[in-house]
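Beneath this line is the structure, given in structure tokens, with notes to follow.
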Amino acid sequence: MSPTKASTEERIRQIVAPWKGGHGGTIPVLQEVQKEFGYLPEDALMAVSKEMKIPPSELYGVATFYAQFHLNPRGRHIIRVCRGTACHVRGSLILLDKIKKVLQVEENGTTEDLRYTLEPVACVGACGLAPVMMVDEDTHGRLTPDKIMEVINSYE
Amino acid sequence: MALYRAHVLVCKGTGCKSSGAAPVYDALKEEITRRGLDKEVMLVETGCHGMCEMGPIVVVYPEGSLYCRVTADDVAEIVEEHLYKGRLVQRLLYTTPEDKVKIPHYRDIPFYKKQFRIALRNCGYINPDNIEEYIARDGYVALAKALTAMDPEDVLAEVKTSGLRGRGGGGFPTGLKWEFCRRAKGDKKYVICNADEGDPGAFMDRSILEGDPHALIEGMMLGAYAIGADEGYIYCRAEYPLAIKRLGVAMAQCTEYGLLGDNIMGTDFSFHLHVKEGAGAFVCGEETALMASIEGERGMPRPRPPFPANKGLWGKPSNINNVETWANVPSIIREGGEWFASIGTEKSKGTKVFALTGKVNNTGLVEVPMGTTIREIVFDMGGGILNGRKFKAVQIGGPSGGCLTEEHLDLPVNYESLTAAGAIMGSGGLVVMDEDTCMVDVARFFLEFTQRESCGKCVPCREGTKQMLLTLEKITSGKGKMKDLETLEELALMVKEMSLCGLGQTAPNPVLTTLRYFRDEYEAHIKDKKCPAKACSALISFVIDAEKCRKCGICAKNCPVDCIAGDRNTPYVIDQERCIKCGTCLEVCPFQAVSKV
Chain D
1 MSPTKASTEE
11 RIRQIVAPWK
21 GGHGGTIPVL
31 QEVQKEFGYL
41 PEDALMAVSK
51 EMKIPPSELY
61 GVATFYAQFH
71 LNPRGRHIIR
81 VCRGTACHVR
91 GSLILLDKIK
101 KVLQVEENGT
111 TEDLRYTLEP
121 VACVGACGLA
131 PVMMVDEDTH
141 GRLTPDKIME
151 VINSYE
Chain S
1001 MALYRAHVLV
1011 CKGTGCKSSG
1021 AAPVYDALKE
1031 EITRRGLDKE
1041 VMLVETGCHG
1051 MCEMGPIVVV
1061 YPEGSLYCRV
1071 TADDVAEIVE
1081 EHLYKGRLVQ
1091 RLLYTTPEDK
1101 VKIPHYRDIP
1111 FYKKQFRIAL
1121 RNCGYINPDN
1131 IEEYIARDGY
1141 VALAKALTAM
1151 DPEDVLAEVK
1161 TSGLRGRGGG
1171 GFPTGLKWEF
1181 CRRAKGDKKY
1191 VICNADEGDP
1201 GAFMDRSILE
1211 GDPHALIEGM
1221 MLGAYAIGAD
1231 EGYIYCRAEY
1241 PLAIKRLGVA
1251 MAQCTEYGLL
1261 GDNIMGTDFS
1271 FHLHVKEGAG
1281 AFVCGEETAL
1291 MASIEGERGM
1301 PRPRPPFPAN
1311 KGLWGKPSNI
1321 NNVETWANVP
1331 SIIREGGEWF
1341 ASIGTEKSKG
1351 TKVFALTGKV
1361 NNTGLVEVPM
1371 GTTIREIVFD
1381 MGGGILNGRK
1391 FKAVQIGGPS
1401 GGCLTEEHLD
1411 LPVNYESLTA
1421 AGAIMGSGGL
1431 VVMDEDTCMV
1441 DVARFFLEFT
1451 QRESCGKCVP
1461 CREGTKQMLL
1471 TLEKITSGKG
1481 KMKDLETLEE
1491 LALMVKEMSL
1501 CGLGQTAPNP
1511 VLTTLRYFRD
1521 EYEAHIKDKK
1531 CPAKACSALI
1541 SFVIDAEKCR
1551 KCGICAKNCP
1561 VDCIAGDRNT
1571 PYVIDQERCI
1581 KCGTCLEVCP
1591 FQAVSKV
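As structure tokens, then:
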């Protein structure tokens, strides 16, 4: 069940409270909101705007600037295929294409059953194990096209 | 304090962890206890050892034996043989790739032998979550020395003498940068650590943050003392959750020990430190963009001047250095600037950490004196090219760097030599490429990255990178014309000259160096519609050799798009129209009947 407007506003007030009157709170607040809702719902952003006295346009600008923020609901599991240089030369594009085809999903898209969201990322910093993919918090290295779906399917 | 006869160090860096270090640690703990050795043998979790390829890594002291690719199943044997009977487990020792020699002591492994570790001196040796282990390795000695026996000017002079230069990209002299900030007017000043390691292919900062967070904190405190700042920020990317956690632990311990806060060590020096989580934008590695991001805005660079030293975070004088730079400072103050200046080359002092990745046998982190040659790094330490293939190029310095060729193998690595060759030191990413890597595709890859990460503020970078990318895409898909090469060069020079910040000014480097050293590959894509490395998917296809095909059907079963047909009587054939060129069939065919043409 989606949260009611009143409960969203109440939760936003709690998140914003420590940053009121201080400076530099926009990004930590948005990070906290995303942690709470899984993405940045419009009514939550409107509530942040009201509480922090920041125009919605400015919040939208910040939220769309950074790769970390999402304006749409995401899947239960986030597949992050590393597209860093080391992974690229060891074939990460092939992995990405295979996942796209098999899961029938575009880059940064979510499967219809909301099971997976596929996100290519710039570099996860595990270049020694290239090619690498993260599923949620787990890093999987030394992947090959024939192994990859097995790893992904193990996430219900 | 209990005495132990042996220490077992388990690497819990990100690399080893994803290779399965956690079950190894748990199994060791259980087996050591079960054998009743827990009063004699101490088990320690450490940060990264650097040789990620061989992970999970376990090192046993006092012998210093390094065991590679350890699994939980190996644990009983390690405990039984090594800890109980004092015999090395031969089969888990590092074996040299060419002559298969087993090396019992890790210091003799070529990967470590030529290293000289200053920034990484504690990584892999100590438990990063325990401040006492850092202190036991002379941690906070430099801070005590500075606060009690040196003026801020002395600290500044020492760093200037050392010749330390920024390790994040530009290579600006650190002492000079500090001096600008010290001399700037203002009673409130900030020191900032750039831990937004965004260069794909670089992970040395992550290793320091996760393996030795106190070195960074101590370095920042020394900088703050020299500059006259009392507050600091560490801007760390959110993709490094373990680093953020370890920084939090380290800072809490410092506060508890009176090493952070007011009146540190009973002096009038006070310092407060905060961690800010980045939100994922490569451009935030640029210092003015990073400060905008800390302030909660879009991370867009600001024109300079005014320089951050005069007008930085919240308009106050600020000094910003990256993780590796800060981590060098404690050793400089402890051992002296002249000691540091005695290492390296004339204009590039000290050491540099390189992230050695790509088609090389030993991937991982190496810290070497400036002036070491690329050949020593790639062939001696890296153990040469994977699967005995031929070396083609090495890409240095991330998306802002360039590709160097075989003729540069004996180039001593320092700031000047790399810039002269068209690359840059950058953050120290060193990606090795072999004959299967297409250089046009590499240029396209980097442009795709910089174009996506361009913040859009200035037109040359925003539009220029886009046009360059489109041109490169045309070439890699076989639709290029010779005239495109001229256009590319023209655009590259324009973007380099006219962009506002470092991102745009360096983005054309991969294109310019590949055009300079690998023009023949561009021409092959355009004139012959061929990709010599067989990497550009539009210019290759997969075929099954009917003679070699044993009709087993494994390829068809594994094909993700079901485009392979055949049966027990007819050899299998790939439908080229529907093939997505994923290469799965080539991987799985037991009879090598599939090939790329």
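Going down the list, the protein sequences come from chains D and S. With the working numbering applied, the first sequence closes on residue 156, and no number is skipped along the way. With the working numbering applied, the second sequence closes on residue 1597, and no number is skipped along the way. Ideal Cβ positions, reconstructed from N, Cα and C, are used throughout, including at glycine. As the structure is a computational prediction, the values presented were derived from the model and not from experiment.
Candidates the options, of which the one nearest residue i by Cα
{"i": "Tyr1084 (chain S)", "options": "S:Thr1095, S:Tyr1125, S:Thr1033", "result": "S:Thr1033"}
{"i": "Val1159 (chain S)", "options": "S:Asp1196, S:Asp1187, S:Ala1226, S:Ile1217", "result": "S:Ala1226"}
{"i": "His1272 (chain S)", "options": "S:Glu1030, S:Gly1258, S:Gly1278, S:Cys1284", "result": "S:Gly1258"}
{"i": "Gly1504 (chain S)", "options": "S:Val1283, S:Glu1287, S:Lys1527", "result": "S:Val1283"}
{"i": "Leu1409 (chain S)", "options": "S:Met1433, S:Asn1387, S:Leu1386", "result": "S:Met1433"}
{"i": "Gly1358 (chain S)", "options": "S:Tyr1190, S:Asp1436, S:Glu1098, S:Ile1564", "result": "S:Asp1436"}
{"i": "Gly1456 (chain S)", "options": "S:Glu1153, S:Pro1301, S:Asn1361, S:Gly1350", "result": "S:Pro1301"}
{"i": "Ile1526 (chain S)", "options": "S:Lys1481, S:Lys1534, S:Cys1501", "result": "S:Lys1481"}
{"i": "Pro165 (chain D)", "options": "D:Thr85, D:Leu129, D:Asp113", "result": "Nothing can be reported for residue 165 (chain D), as the shown portion of chain D is limited to 1 through 156."}
Per-residue burial, residue i [other beta carbons within 10 Å of its own, 16 or more giving buried]
{"i": "His23 (chain D)", "result": "exposed"}
{"i": "Thr110 (chain D)", "result": "buried"}
{"i": "Arg1117 (chain S)", "result": "buried"}
{"i": "Val1459 (chain S)", "result": "exposed"}
{"i": "Met1 (chain D)", "result": "The pLDDT assigned to Met1 (chain D) is 44, lower than 50, so where the model puts this residue is not dependable; a value taken from the coordinates is nonetheless given after this. Exposed, since its Cβ has fewer than 16 Cβ neighbours within 10 Å."}
8 Å CB neighbourhood of residue i in its chain, flanking five on each side removed
{"i": "Ala126 (chain D)", "result": "Cys82, Val132, Thr139, Gly141"}
{"i": "Val135 (chain D)", "result": "His77, Ile78, Ile79, Arg80, Val151, Ile152, Tyr155"}
{"i": "Pro1104 (chain S)", "result": "Glu1063, Ser1065, Leu1088, Leu1093"}
{"i": "Phe1591 (chain S)", "result": "Lys1548, Cys1549, Arg1550, Cys1552"}
{"i": "Ser1477 (chain S)", "result": "Cys1536, Ala1538, Leu1539"}
{"i": "Ile1377 (chain S)", "result": "Phe1354, Leu1356, Val1366, Val1368, Val1413, Leu1430"}
Contact with chain D by residue i, beta-carbon distance below 7 Å
{"i": "Arg1117 (chain S)", "result": "no"}
{"i": "Phe1203 (chain S)", "result": "yes"}
{"i": "Ser1541 (chain S)", "result": "no"}
{"i": "Pro1590 (chain S)", "result": "no"}
{"i": "Ala1238 (chain S)", "result": "yes"}
{"i": "Glu1287 (chain S)", "result": "no"}
{"i": "Asn1558 (chain S)", "result": "yes"}
{"i": "Glu1454 (chain S)", "result": "At residue 1454 (chain S) the sequence reads Ser, which differs from the Glu that was named. Ser1454 (chain S) does not count as touching chain D."}
{"i": "Arg1298 (chain S)", "result": "yes"}
{"i": "Val1431 (chain S)", "result": "yes"}
Closer than 7 Å to chain S by CB, residue i
{"i": "Lys101 (chain D)", "result": "yes"}
{"i": "Ile79 (chain D)", "result": "no"}
{"i": "Tyr39 (chain D)", "result": "no"}
{"i": "Thr111 (chain D)", "result": "no"}
{"i": "Ile148 (chain D)", "result": "no"}
{"i": "Ile152 (chain D)", "result": "no"}
{"i": "Pro145 (chain D)", "result": "yes"}
{"i": "Met1 (chain D)", "result": "Confidence is the limiting factor: at Met1 (chain D) the pLDDT is only 44, short of 50, which leaves the residue's position unreliable and the question unanswerable from this model."}
{"i": "Ala122 (chain D)", "result": "yes"}
{"i": "His88 (chain D)", "result": "yes"}
{"i": "Tyr66 (chain D)", "result": "yes"}
{"i": "Ile15 (chain D)", "result": "no"}
{"i": "Ala126 (chain D)", "result": "yes"}
{"i": "Pro18 (chain D)", "result": "no"}
{"i": "Ile27 (chain D)", "result": "yes"}
Cut-off 7 Å between Cβ atoms - residues of its own chain near residue i, not counting five sequence neighbours on either side
{"i": "Pro145 (chain D)", "result": "Ile94, Leu95, Lys98"}
{"i": "Thr8 (chain D)", "result": "Asp43, Ala44, Ala47"}
{"i": "Val1597 (chain S)", "result": "Ile1540, Ser1541, Val1543"}
{"i": "Val1060 (chain S)", "result": "Ala1006, Val1008, His1082"}
{"i": "Leu1156 (chain S)", "result": "Gly1175, Trp1178, Glu1179, Arg1182, Ala1226"}
{"i": "Pro1213 (chain S)", "result": "Pro1128, Arg1246, Leu1247, Ala1250"}
{"i": "Ile1294 (chain S)", "result": "Tyr1233, Tyr1235, Lys1276, Leu1313"}
Residues near residue i by beta carbon distance below 6 Å, same chain, minus five either side
{"i": "Phe1446 (chain S)", "result": "Pro1399, Pro1510"}
{"i": "Pro1173 (chain S)", "result": "Arg1165"}
{"i": "Cys1589 (chain S)", "result": "Cys1555"}
{"i": "Gly1429 (chain S)", "result": "Asp1199, Gly1201, Ala1202, Ala1355, Gly1398"}
{"i": "Gly1223 (chain S)", "result": "Val1191"}
Residue-level contact to chain B via CB, residue i, 7 Å cutoff
{"i": "Arg1334 (chain S)", "result": "Note that chain B does not occur in the displayed structure, where the protein chains are D and S."}
Alpha helix (DSSP H) runs contained entirely in the region 1516 to 1587 of chain S, provided each spans 4 or more residues: 1519 to 1527, 1554 to 1558
In chain order, each alpha helix (DSSP H) run of at least 4 residues that lies wholly inside the region 1142 to 1227 of chain S: The DSSP assignment places complete alpha helix (DSSP H) segments of no fewer than 4 residues inside the region 1142 to 1227 of chain S at 1152 to 1162, 1174 to 1183, 1204 to 1211, 1213 to 1227, in order along the chain.
Residue ranges of each alpha helix (DSSP H) within the region 1373 to 1456 of chain S, 4 or longer: 1415 to 1421, 1439 to 1453
Runs of alpha helix (DSSP H) lying entirely within the region 1268 to 1315 of chain S, each at least 4 residues, in chain order: 1287 to 1294
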